[in-house]
Ligand code: NAP
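Numbering (our numbering), first residue to last: 1 to 467.
The structure is reproduced here in structure tokens:
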């Protein structure tokens with residue numbers, strides 16, 4: 001987006017209509033936001049953490065009370081079927097917010113050190129100051145909550161810049177935090193172009209940035225922060241592998257892998273993007289996978305019967321079609337594809353799921369993030385080949401291993417370069433565990449008892465008593 005654009009539209013992928021129009025923040029508005037965030041710090045840091053947690057609870061309740069309208073609004077913004085959008089609030093959002101609030105008093109407590117006669121010594125976790133959160137559209141409440149809630153609980157003021165496609169989510173969050181009684185300036189949102197965001201990051205009143213989005217976007221944010229010496233969290237893309245061992249519960253693994261690949265049209269950072277199946281069960285797995293994929297209903301996502309909606313934009317769908325076409329030209333075979341879904345129409349955001357076999361890692365569909373409803377399936381001879389295949393990637397967010405032998409899964413998982421290793425599940429974020437990645441997936445830390453770390457700096461108190 002150019003800095004010359006002053007008005008932003010949300011074009012709904014459901015029908016191409018303009019859903020909302022907002023004026024982008026100009027210099028005066030951004031200055032006011034930064035000044036208010038800075039001014040609110042001293043008051044907010046003196047609010048006890050239990051009181052901050054109570055306000056987070058009030059914010060969650062406010063959103064829960066609006067879940068019906070939020071679900072429809074979310075479907076219109078990004079295309080996920082309305083039968084699933086309520087879950088974004090009723091499951092993940094509330095679960096993560098409440099977990100972080102419940103562990104905040106212990107997680108932010110000062111650190112005791114061994115006693116020395118004549119001294120008082122301890123380490124305090126102080127808020128970094130004002131945190132800028134940049135969020136994506138694909139799970140717009142879930143991704144934002146991971147950063148906003150721990151940052152606020154830790155005593156920071158927060159400025160949210162949400163994705164242009166889901167800017168109404170920022171307004172919902174603002175309404176909920178305002179209703180919860182947060183003092184002015186503690187939580188604010190700003191809708192601004194990329195150049196304006198870079199300028200904000202250069203401003204000394206921003207003390208930390210958490211970016212969730214694409215690898216190029218994360219690199220741009222790191223460049224904007226260069227020389228500022230502030231924390232930059234980057235939660236970026238993935239090409240998450242699944243490995244189905246010969247001893248897997250196959251019907252279960254098939255169902256979960258199909259869902260992991262195609263839920264939300266594959267637009268999940270931790271969607272399964274490539275599958276390796278032990279050759280002894282490969283054909284049976286593929287047969288079941290194809291049958292389950294054909295059962296998807298691709299249609300208007302506002303219809304409760306729809307199980308897969310349009311992708312976020314026609315351009316995103318065209319990018320996935322490009323990867324599929326390249327793979328087919330290079331020798332892959334589509335066992336299921338656009339032709340199998342009447343509502344799938346080239347040139348539009350409506351794209352039915354595609355299952356490819358005969359794929360190679362030289363194909364982009366097996367090496368670059370697809371972020372769409374396409375999957376490649378390859379046979380492997382053993383655990384060693386599966387590990388080598390899984391690690392042959394520039395990304396590392398999650399990896400799933402399907403087996404009846406959970407100890408073997410842990411052993412194999414220890415050899416996989418990834419932020420999370422699952423056995424017999426996938427595409428799930430558990431707030432008791434840290435959400436993080438390796439390689440080009442970035443250096444983010446979210447959720448769990450480690451989830452406050454990006455929002456605090458340690459400060460040592462070394463106090464000698466007069467003799
Ligand atoms: P994106 O294009 O990078 O955008 C993400 C957010 O960053 C949006 O708010 C966007 O604003 C903003 N942005 C992008 N480039 C920017 C720049 N140069 N300066 C300032 N702001 C910038 O990513 P996306 O397409 O929305 O999201 C999909 C990507 O996010 C996928 O790669 C997915 O894997 C990744 N993701 C990762 C996680 C994780 O936890 N690791 C979670 C969810 C998604 P505009 O919308 O205004 O352009």
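Every residue gets a Cβ at the ideal spot worked out from N, C-alpha and C, and that includes glycine.
(request) Tell me whether the beta-carbon of residue 191 lies closer than 8 Å to the beta-carbon of residue 25. (result) Indexing the chain shown from 1 puts residue 191 at position 191. Indexing the chain shown from 1 puts residue 25 at position 25. Yes, the Cβ-Cβ distance between residue 191 and residue 25 is below 8 Å.
(request) Verify whether the separation of the beta carbon atoms of residue 312 and residue 336 is less than 8 Å. (result) Position 312 of the chain shown, counted from the start, is the residue given in the question as residue 312. Position 336 of the chain shown, counted from the start, is the residue given in the question as residue 336. No. Outside cutoff.
(request) Please state whether DSSP places residue 143 in a helix, a strand or coil. (result) What you label residue 143 is simply residue 143 of the chain shown in a count that begins at 1. It is helical.
(request) Go through the stretch 258-331 residue by residue and report every complete run of the beta strand (DSSP E) that reaches 3 residues or more, in order. (result) Taking only runs of at least 3 residues, the beta strand (DSSP E) segments lying wholly in the stretch 258-331 are 272-278.
(request) Indicate whether residue 8 and residue 138 have their beta-carbon atoms separated by less than 8 Å. (result) Taking the first residue of the chain shown as position 1, residue 8 is located at position 8. Taking the first residue of the chain shown as position 1, residue 138 is located at position 138. The beta carbons of residue 8 and residue 138 sit no closer together than 8 Å.
(request) Specify the secondary structure class of residue 73 as computed by DSSP and reduced to three states. (result) On the chain shown, position 73 is the one that residue 73 refers to. Here residue 73 sits in helix by DSSP.
(request) Give the secondary structure of residue 1 by DSSP, where H, G and I count as helix, E and B as strand, and everything else as coil. (result) Within the chain shown, residue 1 is the residue found at index 1, counting from 1. At residue 1 the pLDDT is 43, less than 50, meaning the model places this residue with poor confidence; the figure from the coordinates comes in the next sentence. DSSP places residue 1 in coil when its eight states are reduced to three.
(request) Return the residue from the list 379, 151, 242 that minimises the CA-CA distance to residue 281. (result) To locate residue 281, count along the chain shown from 1; it is residue 281. In terms of CA proximity to residue 281, 379 leads the group 379, 151, 242.
(message) How far does the beta strand (DSSP E) with residue 242 in it extend, from its first residue to its last?
(response) Stepping through the chain shown from its first residue, residue 242 is reached at position 242. Segment 240-244, the beta strand (DSSP E) holding residue 242.
(request) Go ahead and pull the three-state DSSP assignment for residue 80. (result) Within the chain shown, residue 80 is the residue found at index 80, counting from 1. In the displayed model, residue 80 falls within coil according to three-state DSSP, outside both helix and strand.
(request) Determine, using beta carbons only, whether residue 156 and residue 446 come nearer to each other than 8 Å. (result) Looking up residue 156 in the chain shown gives position 156. Looking up residue 446 in the chain shown gives position 446. Cβ distance not < 8 Å, so residue 156 and residue 446 don't count as in contact.
(message) Rounding to the nearest angstrom, what Cα-Cα distance links residue 261 and residue 374 in this structure?
(response) In the chain shown, residue 261 corresponds to position 261, counting from 1. In the chain shown, residue 374 corresponds to position 374, counting from 1. Computed Cα separation, rounded: 7 Å.
(request) Evaluate residue 413 with the Cβ neighbour count: other Cβ atoms within 10 Å of its Cβ, from every protein chain shown; 16 or more gives buried, anything less gives exposed. (result) Stepping through the chain shown from its first residue, residue 413 is reached at position 413. Label assigned to residue 413: buried.
(request) Would you list, in sequence order, the uninterrupted beta strand (DSSP E) runs of no fewer than 3 residues that lie entirely inside the stretch 172-230? (result) For the stretch 172-230, whole beta strand (DSSP E) runs of length 3 or above, ordered along the chain, are 187-189, 208-212.
(message) Check this for me: beta carbons of residue 229 and residue 221, under 8 Å apart or not?
(response) Here residue 229 is taken as the residue at index 229 of the chain shown, counted from 1. Here residue 221 is taken as the residue at index 221 of the chain shown, counted from 1. The Cβ-Cβ distance between residue 229 and residue 221 does not fall below 8 Å.
(request) Could you check the C-alpha separation between residue 243 and residue 416 for me, to the nearest Å? (result) One-based indexing of the chain shown puts residue 243 at position 243. One-based indexing of the chain shown puts residue 416 at position 416. One C-alpha to the other measures close to 11 Å.
(request) Would you kindly check if the distance between the Cβ of residue 233 and the Cβ of residue 444 is under 8 Å? (result) Your numbering for residue 444 matches position 444 in the chain shown. Your numbering for residue 233 matches position 233 in the chain shown. The criterion of a C-beta distance shorter than 8 Å is satisfied by residue 444 and residue 233.
(message) Tell me whether the stretch 198-213 and the stretch 47-56 touch, counting them as touching only if at least three CB pairs, one residue from each stretch, are closer than 8 Å.
(response) Because the criterion of three Cβ pairs below 8 Å is not met, the stretch 198-213 and the stretch 47-56 do not touch.
(request) For residue 400, count neighbouring Cβ atoms within 10 angstroms of its own Cβ and tell me buried if that reaches 16, exposed if not. (result) On the chain shown, position 400 is the one that residue 400 refers to. The residue in question, residue 400, is buried, as its Cβ has 16 or more Cβ neighbours within 10 Å.
(request) Return the CA-CA distance between residue 2 and residue 148, expressed in angstroms with no decimal places. (result) Looking up residue 2 in the chain shown gives position 2. Looking up residue 148 in the chain shown gives position 148. Low confidence applies here, because residue 2 scores a pLDDT of 44, under 50, leaving its location unreliable; read the following figure in that light. Between residue 2 and residue 148, the C-alpha separation is close to 27 Å.
(message) Give me, in chain order, the residues of the same chain whose beta-carbon lies closer than 7 Å to that of residue 62; leave out the 5 immediate sequence neighbours on both sides.
(response) Along the chain shown, read from residue 1 onward, the residue named residue 62 stands at position 62. So the qualifying residues of the chain are 176, 179, 180.
(request) Flag residue 196 as yes if its beta-carbon sits less than 8 Å from any beta-carbon of chain B, otherwise no. (result) Among the chains of the structure shown, chain B does not appear; only one protein chain is present.
(message) Rounding to the nearest angstrom, what Cα-Cα distance links residue 102 and residue 456 in this structure?
(response) What you label residue 102 is simply residue 102 of the chain shown in a count that begins at 1. What you label residue 456 is simply residue 456 of the chain shown in a count that begins at 1. One alpha carbon belongs to residue 102, the other to residue 456, and they sit about 18 Å apart.
(request) Answer with buried or exposed for residue 463, where buried requires no fewer than 16 other C-beta atoms within 10 angstroms of its C-beta. (result) In the chain shown, counting from the first residue as 1, residue 463 sits at position 463. With a 10 Å radius around the Cβ and a threshold of 16 neighbouring Cβ atoms, residue 463 comes out exposed.
(message) Quick check on the burial criterion: 16 or more other C-beta atoms within 10 angstroms. Buried or exposed for residue 17?
(response) In the chain shown, residue 17 corresponds to position 17, counting from 1. Residue environment: residue 17 is assigned as exposed (fewer than 16 neighbouring CB atoms within 10 Å of its CB, all protein chains considered).
(request) Report yes or no: do the stretch 432-441 and the stretch 284-302 share at least 3 C-beta pairs separated by less than 8 Å? (result) Counting Cβ pairs under 8 Å, fewer than three are found: no touch.
(request) Report the residue from 275, 78, 424, 459 whose alpha carbon sits nearest the alpha carbon of residue 405. (result) The residue given as residue 405 occupies position 405 in the chain shown. Relative to residue 405, the option among 275, 78, 424, 459 whose CA is nearest is 424.
(message) Tell me the rounded alpha-carbon separation between residue 184 and residue 128.
(response) Position 184 of the chain shown, counted from the start, is the residue given in the question as residue 184. Position 128 of the chain shown, counted from the start, is the residue given in the question as residue 128. Each residue's alpha carbon lies about 19 Å from the other.
(request) Taking 8 Å as the cut-off, decide whether the C-beta atoms of residue 134 and residue 209 are in contact. (result) Counting from 1 along the chain shown, the entry for residue 134 is found at position 134. Counting from 1 along the chain shown, the entry for residue 209 is found at position 209. Cβ distance < 8 Å, so residue 134 and residue 209 count as in contact.
(request) Could you tell me the distance, in whole angstroms, from the CA atom of residue 118 to the CA atom of residue 239? (result) Along the chain shown, one-based indexing puts residue 118 at 118. Along the chain shown, one-based indexing puts residue 239 at 239. If you draw a straight line from the Cα of residue 118 to the Cα of residue 239, it comes to about 56 Å.
(message) Which residue marks the beginning of the alpha helix (DSSP H) containing residue 402, and which one marks its end?
(response) Stepping through the chain shown from its first residue, residue 402 is reached at position 402. Here residue 402 belongs to no alpha helix (DSSP H); instead the beta strand (DSSP E) covers 398-402.
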